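Asks: Input: one structure, supplied below.
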Amino acid sequence: MKNLILTLSLVFSYLALNAQVKHSGAMSEMGKTGFAPTISLDSLQKYKGLIALGPLGKMQGEITAVDGIPFTGILTAEGKGSIQSKWQSEAPFLVYADVEQWEEISLKGRVNTIQELEALIESTLIANGIDLLEPLPFRIQGNFDRMTTHIVTPRSPEIPGYVEGRNQVKFDHQNSAGELIGFYSKEGQRIYTHHDSFMHVHFLSEEKDYAGHLDQFDSALDGLTLLIPKGRN
48 MKNLILTLSL VFSYLALNAQ VKHSGAMSEM GKTGFAPTIS LDSLQKYKGL IALGPLGKMQ
108 GEITAVDGIP FTGILTAEGK GSIQSKWQSE APFLVYADVE QWEEISLKGR VNTIQELEAL
168 IESTLIANGI DLLEPLPFRI QGNFDRMTTH IVTPRSPEIP GYVEGRNQVK FDHQNSAGEL
228 IGFYSKEGQR IYTHHDSFMH VHFLSEEKDY AGHLDQFDSA LDGLTLLIPK GRN
């Protein structure tokens with residue numbers, strides 16, 4: 048019995064260690080350095096359970112990685128969202144973790160704003176015994192009623208895709224299936240979350256043909272599933 052307990056303890060410790068959130072660069076610093084890269088995505092290819100978020104290159108798209116696969120949201124010449132899936136990408140900042148096993152939590156109710164979504168995630172984590180002082184990657188899978196997302200665009204004329212006066216292109220989504228991929232952290236503000244939020248979230252479509260940064264969220268929660276790293280509660 049003692050051996051079984053020790054084995055389980057080691058397993059959960061291993062899972063928790065692998066789920067540790069790391070970052071390179073900082074959101075608040077990238078503009079000061081001309082959006083110079085601080086990390087190459089292919090340096091993380093060894094992580095089979097890689098989950099990661101950040102901007103592509105010099106603000107040329109949105110990097111999203113999940114289950115060890117990169118999905119980079121970019122704009123086509125026509126201004127539509129599209130996906131690149133390649134490891135040869137750089138980022139001025141990136142938040143990431145290696146999570147190979149997830150635990151599922153069913154959600155209920157409704158949220159009408161992204162602020163309410165953050166509050167829901169926080170209350171759900173507390174109800175499941177999660178320490179909010181530790182940064183945490185999470186996923187929400189299902190069909191979402193309404194969302195607004197964006198894909199960032201270059202700030203400098205010498206970068207392909209630059210349009211004067213444009214920093215991003217917004218997209219509205221209705222009844223869209225896929226998943227939200229995010230990080231919750233009370234210590235990541237201005238590093239990998241905005242100054243007024245404890246989370247950074249991207250949306251990846253079920254068809255894997257669009258990925259962008261989540262700005263607004265309004266959806267029923269019934270039928271949605273929250274995933275957190277196994278061994279964290």
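Residues 48 to 280 (the numbering used here) make up the sequence shown, in order. Where is the CB? At the ideal position from N, CA and C, for every residue including glycine. All figures in this text were calculated on a predicted structure; none of them were measured in a lab.
Is there a C-beta anywhere in chain C that falls below 7 Å from the one on Val146?
Replies: Looking at the structure shown, chain C is missing, and only one protein chain is on hand.
Asks: Taking the continuous beta strand (DSSP E) assigned at Ser244, which residues delimit it?
Replies: Taken as a continuous stretch (DSSP letters only), Ser244 belongs to no beta strand (DSSP E), as it is neither H nor E.
Asks: Just confirm the distance between the C-beta atoms of His220 and Thr196, as a whole number of angstroms; I'd bet it's less than 8 Å.
Replies: Going by Cβ atoms, the distance from His220 to Thr196 rounds to 7 Å, so yes, they are a contact pair.
Asks: Under a Cβ-count criterion, where at least 16 other Cβ atoms within 10 Å of its own Cβ denotes burial, should Ile110 be classed as buried or exposed?
Replies: Buried: at least 16 other Cβ atoms inside 10 Å.
Asks: Give a yes or no on whether the C-beta atoms belonging to Gly189 and Leu271 are separated by under 7 Å.
Replies: Going by C-beta atoms, Gly189 is nearer than 7 Å to Leu271.
Asks: Which class does Ser203 belong to by DSSP, given the choice of helix, strand or coil?
Replies: Reduced to three states, the DSSP call for Ser203 is coil.
Asks: What does the alpha-carbon distance come out to for the pair Gln215 and Ser71?
Replies: Near 22 Å, if we compare the C-alpha coordinates of Ser71 and Gln215.
Asks: Would you check whether the ligand ZN has a heavy atom nearer than 6 Å to the C-beta of Ala144?
Replies: Absence of the ligand ZN from the depicted structure is noted, as is the absence of any ligand whatsoever, leaving it without description.
Asks: Between the segment 101-109 and the segment 196-208, can you find at least three pairs of beta-carbon atoms closer than 8 Å?
Replies: Yes: the two stretches touch, three or more of their Cβ pairs being nearer than 8 Å.
Asks: From this set, Gln131, Met246, Glu234 and Lys217, which residue's C-alpha is nearest Ala166's C-alpha?
Replies: Comparing Cα-Cα distances from Ala166 to each of Gln131, Met246, Glu234 and Lys217, the minimum goes to Met246.
Asks: Of all the beta strand (DSSP E) runs that stay within the bounds of the segment 123-176, which reach a length of 3 or more residues?
Replies: Segments of the beta strand (DSSP E) lying fully in the segment 123-176: 128-131, 141-145 and 149-153.
Asks: Do Phe118 and Met77 come within 7 Å of each other at the CB atom, strictly closer than that value?
Replies: Going by C-beta atoms, Met77 is not nearer than 7 Å to Phe118.
Asks: What is the DSSP secondary structure of Ser90, counted as helix, strand or coil?
Replies: Correct three-state label for Ser90: helix.
Asks: By alpha-carbon positions, which one of Gln67, Gly120 and Thr80 ends up nearest to Leu97?
Replies: Among Gln67, Gly120 and Thr80, the Cα nearest to that of Leu97 belongs to Gln67.
Asks: Just to confirm the assignment, what range does the beta strand (DSSP E) spanning Thr111 have?
Replies: Looking at the DSSP string, the run of the beta strand (DSSP E) that includes Thr111 is Glu109 to Val113.
Asks: Decide if Asp89 is buried, meaning its Cβ has at least 16 other Cβ atoms within 10 Å, or exposed.
Replies: So Asp89 counts as exposed.
Asks: Quick check on Arg213: buried or exposed, where buried means 16 or more other Cβ atoms within 10 Å of its Cβ?
Replies: Under this definition Arg213 is an exposed residue.
Asks: Going by the beta-carbon positions, is the gap between Ile116 and Asp256 smaller than 7 Å?
Replies: Contact: no.
Asks: Cα-Cα, which of Gly229, Gly225 and Lys217 is closest to Lys127?
Replies: Per the Cα distances, Lys217.
Asks: Are the beta-carbon atoms of Asp269 and Lys93 separated by less than 7 Å?
Replies: Going by C-beta atoms, Asp269 is not nearer than 7 Å to Lys93.
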